[in-house]
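Position 360, counted from 1, in the sequence shown is what our numbering calls 693; the numbers after and before it change by one each time, with no gaps.
Just so you know, even glycine gets a beta-carbon here, dropped at the ideal spot from N, CA and C.
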Amino acid sequence: MYKIESALKQIEKNYDKRIQLITGLYHRQKDVIKVVEYYGNSKYLNGQTDELGREKPFFQILNGICDVENAAKDIDTKDITSTSEDGNHYTQSFILTKDIYEWMKEVNFAKTLNDMRDMHTRYGSLLVKKVKKDGKIKIEIPEWKNMITDQVGIANNPIVEVHWMTPMEVMEMSEWKNTDKAVEKALKENKRMPVYEVRGKFPLSYFKELEGKAPTKGDDKKFTYQLYYLAGEPTEYSETEITALVPLYWENDTEEVYKYLARKRKAGRDFGVGVFEEGEQSQIWTNDAVLKQARAMEYTTKVIAQSASKKLKGRNLLSETDDGQVLEHEDGKPITNLTLGPSGGLVQFGNLIEQWYNQLQKTTSAYDAQRGEQPNSGTPFRLQALVLQQSNSVFKNLQEELGIFITEIFMDWIMPELSSQLSKSHILAHEFSIEELKEIDKNFSTYEANQQANSMMLSGQAVTPEMYEEMVKESKDRIGQTKTKRFLDVPKNYYKGMKAKITVNVTGEQLNKGAVLETLSNIMTVYAKNPAIAQDPVLMQIFLKIVELSGAGISPISLMGAIEEAKKQQEALQAQEAQVPPETPQGGPPRAPQSLSLAANPMPQ
334 MYKIESALKQ
344 IEKNYDKRIQ
354 LITGLYHRQK
364 DVIKVVEYYG
374 NSKYLNGQTD
384 ELGREKPFFQ
394 ILNGICDVEN
404 AAKDIDTKDI
414 TSTSEDGNHY
424 TQSFILTKDI
434 YEWMKEVNFA
444 KTLNDMRDMH
454 TRYGSLLVKK
464 VKKDGKIKIE
474 IPEWKNMITD
484 QVGIANNPIV
494 EVHWMTPMEV
504 MEMSEWKNTD
514 KAVEKALKEN
524 KRMPVYEVRG
534 KFPLSYFKEL
544 EGKAPTKGDD
554 KKFTYQLYYL
564 AGEPTEYSET
574 EITALVPLYW
584 ENDTEEVYKY
594 LARKRKAGRD
604 FGVGVFEEGE
614 QSQIWTNDAV
624 LKQARAMEYT
634 TKVIAQSASK
644 KLKGRNLLSE
654 TDDGQVLEHE
664 DGKPITNLTL
674 GPSGGLVQFG
684 NLIEQWYNQL
694 QKTTSAYDAQ
704 RGEQPNSGTP
714 FRLQALVLQQ
724 SNSVFKNLQE
734 ELGIFITEIF
744 MDWIMPELSS
754 QLSKSHILAH
764 EFSIEELKEI
774 DKNFSTYEAN
784 QQANSMMLSG
794 QAVTPEMYEE
804 MVKESKDRIG
814 QTKTKRFLDV
824 PKNYYKGMKA
834 KITVNVTGEQ
844 LNKGAVLETL
854 SNIMTVYAKN
864 PAIAQDPVLM
874 QIFLKIVELS
884 GAGISPISLM
894 GAIEEAKKQQ
904 EALQAQEAQV
914 PPETPQGGPP
924 RAPQSLSLAA
934 NPMPQ
């Protein structure tokens, strides 16, 4: 038996244990995952029928709570933006944001974000994996039911992922060894086989053993990050003990590809607390009340009669009587109805269900107000608003943690991979907003008119202001045919020297109109009180940085264009009042800013 095989079996053995958090308090990660899987599918842990073989109803209350939290901490692709760390690369950060957005569309990163959010909510723990396929990076979210980890420290210890593969899939892995031996039994039994992907720090001697090299002194104490693929015995999908293993692939000094985030941490364990674990007791006792209610209804809806008459002994009203039939009984011994019902009536079960649901709302902060339900009659509006505010604050903290985690993924994994791709010359095809289109089209038409005018002047032709304005207008009309889509020619090394960082906007201001209006009002007040700010380069950079980070939805590029346009209109008005035509800069019509001349000729959509 190889050393890595023994290590894998020990990892599984430790994972299967109950760990003691404190005297008498135990935790087993497998049990938590099992609860989520069963309850998420509205199934009982102890079987779907009772002792009499009757099917048990499952009153699902947890999936809806998960939907509330998911909606409250939603993060969309539009919330992921690039910001410049200095005041000289606003244009580059604007274009980079669009480049990143197009990449996210290409890899369907919106679905990845939704899956990350849901895993974080349900299980309380989120594990993501970086994968490269066909030279492109992809973020995967392994299923916890297929993971074997250390229960005390998930990220800092070996992580095992179980892949259920067919013999054909194993044989197609050209880099793997011993595949014929691994699939021999699986082919005969026509079953899938578990392939264990093991990543973590192990002694160097483990790797040398598979390489067929003799270990040197100290190899047992020298730890390196290693990767192994080990094939197990073919079996059905079940929790089976790891037995015979066949090494398929091994690698030393490999890259760490997992990142981990816990929703709510508990001392002594690393697996976070999710909605299903928080609401487990509520689900259990709600189901208990529903089961008792169903059984009570089953008994109380029976039609039973009683009589002291011996003539009616053993008779059945349902099977022996028709409508209108008269039954004979002894004198003073009539037939009377027997009313069945639990003590206190059936309404007690409804009260129990309501009590447990209220407890669940308090535990998860998913109140009726958060779901948009109508409050009870007489509930003060201010009280409803306070409940909603408290609930939002809880979800906001969870959303911020998730946003920081996504930022870490981008900065550590995605941006290094995209940098080489985006540093090449490429065409950015993107649908821009109305405000963005105004600035892009203005600069593009100015740039193209400049090129045309310069060409005419170099050939000896005169260019009048009227001709120049017509060139600008024709360019705008032509590019307008592409509707909201534009094609920008991003030159090679366009982002070189740019100090950028990825920001995940989780402030929620894009959804809070009141907050956005307040931010816009503050920006407008600052500029209105000091319009000369546009003349001071230092103050202007600070002001644009405030605008960029405000989350008000205003692009610094658009704002700079609007300020420049207002400046030109003011100069033209002053010249008209003085009856002096505005001066034309020496050397022909004004040129567009060089930083925006990256636009290529638009192609019709």
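Item: Which residues DSSP lists as bridging N585, in chain order; Value: Q559
Item: With 16 other Cβ atoms within 10 Å as the buried cut-off, status of Q639; Value: exposed
Item: Presumed contact (8 Å Cβ cut-off) between I835 and T740, rounded CB distance; Value: 6 Å
Item: Counterpart residues of A564 in DSSP-defined beta bridges; Value: V528, V579
Item: Straight-line Cα distance separating N347 from D822; Value: 56 Å
Item: Cβ contact (3+ pairs, closer than 8 Å) linking the stretch 753-771 and the stretch 415-435; Value: yes
Item: Span separating the alpha-carbon of Q944 from that of E910; Value: The question about residue 944 has no answer here: the residues shown for the chain are numbered 334 through 938.
Item: Residue range of the alpha helix (DSSP H) that includes Q353; Value: Taken as a continuous stretch (DSSP letters only), Q353 belongs to no alpha helix (DSSP H), being part of the beta strand (DSSP E) at 352-355.
Item: Beta-bridge pairing of E764 - partner residues as DSSP gives them; Value: K818
Item: Helix, strand or coil at Y415 according to DSSP, with G and I counted as helix; Value: Per the sequence presented here, residue 415 reads as Ser, with Tyr not at that position. Correct three-state label for S415: strand.
Item: Helix, strand or coil at Y372 according to DSSP, with G and I counted as helix; Value: helix
Item: L892 - DSSP class collapsed to helix/strand/coil; Value: helix
Item: Of the listed residues L751, N489, A895, D483, nearest to N826 (C-alpha basis); Value: L751
Item: Check whether Y582 and W509 have beta carbons under 8 Å apart; Value: yes
Item: Same chain, Cβ closer than 7 Å to I470, five either side skipped, listed in chain order; Value: K463, W746, I747, E750
Item: Inter-residue Cα distance where the pair is S778 and P798; Value: 15 Å
Item: Rounded C-alpha distance that separates N374 from A627; Value: 21 Å
Item: Three or more C-beta pairs below 8 Å linking the stretch 487-497 and the stretch 530-537; Value: yes
Item: Straight-line Cα distance separating I737 from K454; Value: First, the residue type needs correcting, since residue 454 is Thr and not Lys in the sequence shown. Rounded to the nearest angstrom, the two C-alpha atoms are 16 Å apart.
Item: Exposure label - A925; buried when at least 16 CB within 10 Å; Value: Because A925 carries a pLDDT of 36, less than 50, the predicted location of this residue cannot be relied on, and no value is offered for it.
Item: Ordered list of beta strand (DSSP E) runs contained in the stretch 436-508, each at least 3 residues; Value: 458-466, 469-473, 492-498
Item: Whole-angstrom distance between D774 and K809, CA atom to CA atom; Value: 6 Å
Item: Straight-line gap, Q353 to H360 (C-alpha atoms, nearest Å); Value: 6 Å
Item: Collapsed DSSP secondary structure at N670 in the structure displayed; Value: strand
Item: Nonlocal neighbours in the same chain, by C-beta distance under 6 Å from Y539, ignoring five residues either side; Value: K336, I337
Item: Beta-carbon proximity of I474 to M498, cut-off 8 Å; Value: no
Item: Simplified DSSP state of K597, which is helix, strand or coil; Value: coil
Item: Contact check, A515 vs V579, beta carbons under 8 Å; Value: yes
Item: D446 burial status per 10 Å Cβ neighbour count (16 or more: buried); Value: The displayed chain sequence assigns Leu, not Asp, to residue 446. So L446 counts as buried.
Item: For E807, the nearest candidate out of Y780, D400, Q874 (CA to CA); Value: Y780
Item: Buried versus exposed call for L872 [16 or more other C-beta atoms within 10 Å across all chains shown]; Value: exposed
Item: Sequence-distant residues of the same chain with beta carbon closer than 6 Å to Q343, five excluded per side; Value: none
Item: Where the alpha helix (DSSP H) through Y359 begins and ends; Value: That residue, Y359, is in no alpha helix (DSSP H); its beta strand (DSSP E) goes 358-360.
Item: Beta bridge counterpart(s) of V823 as assigned by DSSP; Value: H759
Item: Coarse secondary structure for T619, derived from DSSP in three states; Value: helix
Item: Cβ-based burial, Q425 [other Cβ within 10 Å; buried from 16]; Value: buried
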